[in-house]
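In my numbering, the protein residues as written are 1413 to 1618.
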């Protein structure tokens, strides 16, 4: 029975990742295909083709995003974007949600250097434990009030790294890891089952 069990597990290791990947892609494509419902019925691809072709919504979504960026890059587009943002910032609840989401998206997508900088090890949730964290930015006002050099650390939860905790930690009490943010995220999402290739780490006091 041992060989049968081994072959079965080997088959699972091949099919489970593939199945999950196909399922996620199918869900994403299905969600993007919903954008086709915004078009008049006479403009929809299935009207011309006579049948439904999955994935055309992805092309429409990409085209809309590209045209939006192209329009926002000129002077008139920039003025309209500023007007739209000013309008949203006057609505009490929307202002808080939109402002926070925009700051995060600007940090992650604009390439301005405000996204995750380094992968760290910090002592959390108690002094005898270490957790993976991502270094972000310490606001100037906060840094001016601290009596030593601190780093801002975002500690994501497992297996959903979109949630987590945000702390200021003394620089000499963290370990800098020589791995990429993507590698660390894979490690977190897999709950340690996918072990990244690591290099030498910089330990406190080195």
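All C-beta atoms in this analysis are idealised placements derived from N, C-alpha and C, irrespective of residue type, glycine included.
Spatial neighbours of residue i within its chain, please: CB distance less than 6 angstroms, with the 5 preceding and 5 following residues excluded, ordered by chain position.
{"i": "residue 1578", "result": "1566"}
{"i": "residue 1510", "result": "1500"}
{"i": "residue 1572", "result": "none"}
{"i": "residue 1507", "result": "1501"}
{"i": "residue 1575", "result": "1569"}
How about residue i and residue j: are their beta carbons less than 8 angstroms apart?
{"i": "residue 1488", "j": "residue 1533", "result": "no"}
{"i": "residue 1580", "j": "residue 1550", "result": "yes"}
{"i": "residue 1548", "j": "residue 1560", "result": "no"}
{"i": "residue 1445", "j": "residue 1468", "result": "yes"}
{"i": "residue 1570", "j": "residue 1603", "result": "yes"}
{"i": "residue 1470", "j": "residue 1441", "result": "yes"}
{"i": "residue 1535", "j": "residue 1585", "result": "yes"}
Please classify residue i: is it buried, with 16 or more other beta-carbons within 10 angstroms of its beta-carbon, or exposed?
{"i": "residue 1483", "result": "exposed"}
{"i": "residue 1495", "result": "exposed"}
{"i": "residue 1600", "result": "buried"}
{"i": "residue 1589", "result": "buried"}
{"i": "residue 1537", "result": "exposed"}
{"i": "residue 1528", "result": "buried"}
{"i": "residue 1504", "result": "exposed"}
{"i": "residue 1392", "result": "With the chain running from 1413 to 1618 in the structure shown, residue 1392 is simply not present."}
Between residue i and the rest of its own chain, which residues show a CB-CB distance below 8 angstroms, the 5 nearest in sequence each way excluded?
{"i": "residue 1525", "result": "With a pLDDT of 47 at residue 1525, under the threshold of 50, the modelled position of that residue is not reliable, and the figure given next carries that caveat. Cβ neighbours of residue 1525 beyond the five flanking positions: none."}
{"i": "residue 1490", "result": "1484"}
Within a Cβ cutoff of 7 angstroms, which residues of the same chain sit near residue i, ignoring the five residues on either side of it in sequence?
{"i": "residue 1456", "result": "1448"}
{"i": "residue 1472", "result": "1447 and 1448"}
Quiz item: Could you give the uninterrupted runs of the beta strand (DSSP E) lying entirely in the stretch 1528–1607, keeping only those of 3 residues or more?
Solution: 1531–1535, 1542–1547, 1562–1568, 1576–1582 and 1587–1589
Quiz prompt | Segment contact, 8 angstroms Cβ cut-off, at least three pairs: the stretch 1585–1601 with the stretch 1532–1548 | solution = yes
Self-check item: Three or more C-beta pairs below 8 angstroms linking the stretch 1449–1456 and the stretch 1419–1433
Solution: no
Practice problem: Let me know the beta strand (DSSP E) ranges lying completely inside the stretch 1448–1532, each 3 residues or longer, listed in chain order. | Solution: none
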